[in-house]
Structure formats: structure tokens, C-alpha cells
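Heads up, the sequence shown is in UniProt numbering, so the first residue is 1 and it goes up one at a time.
Every residue gets a Cβ at the ideal spot worked out from N, C-alpha and C, and that includes glycine.
Report on the following structure.
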Amino acid sequence: MTSQHTPAIEAAISEWHAAVNSGDRARCVRAVGDPIVVLGPKGAGPITPAEFADWVDRSGIRMTPRSWHPISERLMVVEQEATWPQNPTPTRVATVFRISDAARGTVVTAALRQPSLRSALDLAFICREMAATDHTADPLA
Numbered sequence: 001m002t003s004q005h006t007p008a009i010e011a012a013i014s015e016w017h018a019a020v021n022s023g024d025r026a027r028c029v030r031a032v033g034d035p036i037v038v039l040g041p042k043g044a045g046p047i048t049p050a051e052f053a054d055w056v057d058r059s060g061i062r063m064t065p066r067s068w069h070p071i072s073e074r075l076m077v078v079e080q081e082a083t084w085p086q087n088p089t090p091t092r093v094a095t096v097f098r099i100s101d102a103a104r105g106t107v108v109t110a111a112l113r114q115p116s117l118r119s120a121l122d123l124a125f126i127c128r129e130m131a132a133t134d135h136t137a138d139p140l141a
């Protein structure tokens, strides 16, 4: 299978990283959808953009992209080095990102952090296949 992606996915994910790394709450809110689905070591589920900005503020996390792995038009895995104020030594992680179009442009609607590139790629491939095989007639069902 061929992985396709557009510049929009890279731009949205780059803006997500810039927003997180800036610590700017308003920028964090603008970079994500409502809701944004998150997964990390402390939990998973949909949260509001304001809750996402709160998390960025509380955690003080900074993430530097190291490698990009396109999965589909809406999915990308990014391997990152993460640091926190209490742990400035970089930790290698990987995040599955999903993007969607919103009234204000293309935004990140899922950020599913994994402890390794391999686990993130595995999760992304499962997400891609679930979307590809969803033949629900009613998109609201």
C-alpha cells in the first residue's frame, strides 16, 4: 500500500509542535480540533481545546520532531524527542497524528503518544485499516 499525504498534514502537525513548544495557550487552542482525542501515559479520550492547552501548560512538555512517517492523507506518525521541566534529558517517543478540516483550517484532531516508533506505527496502521473498512451508510451512526 502506498502512503499518501498532502502538505496540509505536515503544516497542521508542524503548527501543533510549534504551539506546544511555545507554551502559548491561545495558539494551542487554535492548533487542535474540538474535541481532540489524546492518548498518553496518564490517560486517553476526547478533550476540549482548552483542556489540551491546560495539559500543555501543566506538563511543560516540549517535543522536537525527529522523523516523519506518512500513513494516509489524514494520518502521520512523528518520532519525537520529548523533554519536561523536571526531566530535561530527551526521551524518544512517537505520536500518531490525525488531521481534519475545520472552519479555521486544517487542525490536529488526534494525538496518540506511544513509547516507541514501532508501537506508534502499529497503532497508526490499525487506525488506517479501521477507517478503510468502515462502510457505515450513516456517517452519524
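Problem - Beta-carbon spacing of Ala8, Ile126 below 8 Å - result: no
Exercise for the section: Report the residue from Ile61, Met76, Leu75, Ala18 whose alpha carbon sits nearest the alpha carbon of Thr91. Expected result: Ile61
Practice task
Give me the Cα-Cα distance between Lys42 and Leu75, rounded to the nearest whole angstrom.
Solution key: 23 Å
Handout entry: Residue of Ala102, Gln86, His135, Ala132 minimising C-alpha distance to Arg30
Key = Ala102
Exercise for the section: Output yes or no for whether 8 Å exceeds the beta carbon distance between Gln94 and Val107. Expected result: The identity of residue 94 in the sequence shown is Ala, whereas the question assumes Gln. Not a contact, by the Cβ cut-off of 8 Å.
Problem - Cβ-based burial, Thr2 [other Cβ within 10 Å; buried from 16] - result: Any reading at Thr2 needs caution, since the residue's pLDDT is 41, under 50, leaving its predicted position unreliable; the model's value is listed next. With fewer than 16 other Cβ atoms within 10 Å, it is exposed.
Practice task
Report the partner residues of Arg98 according to the DSSP bridge assignment.
Solution key: Leu75, Ala110
Exercise for the section: Please report how far the alpha carbon of Pro65 lies from the alpha carbon of Ser22, in whole angstroms. Expected result: 14 Å
Exercise for the section: Output yes or no for whether 8 Å exceeds the beta carbon distance between Arg118 and Ser72. Expected result: no
Handout entry: 7 Å Cβ shell around Leu140 - same chain, five flanking residues per side excluded
Key = Confidence at Leu140 is low in this model, with a pLDDT of 46, below 50, so its placement is unreliable and no value can be given for it.
Practice task
Kindly indicate which residue of Leu112, Arg58, Thr109 has the alpha-carbon position closest to the one of Gln86.
Solution key: Arg58
Handout entry: Residue nearest to Met63 in terms of C-alpha spacing, selected from Val20, Leu112, Arg27, Asp134
Key = Val20
Handout entry: Ala18 versus Thr136, Pro115, Val37, Val56, residue with shortest Cα-Cα distance
Key = Val56
Handout entry: Alpha carbon of Thr89 to alpha carbon of Glu81, nearest angstrom
Key = 9 Å
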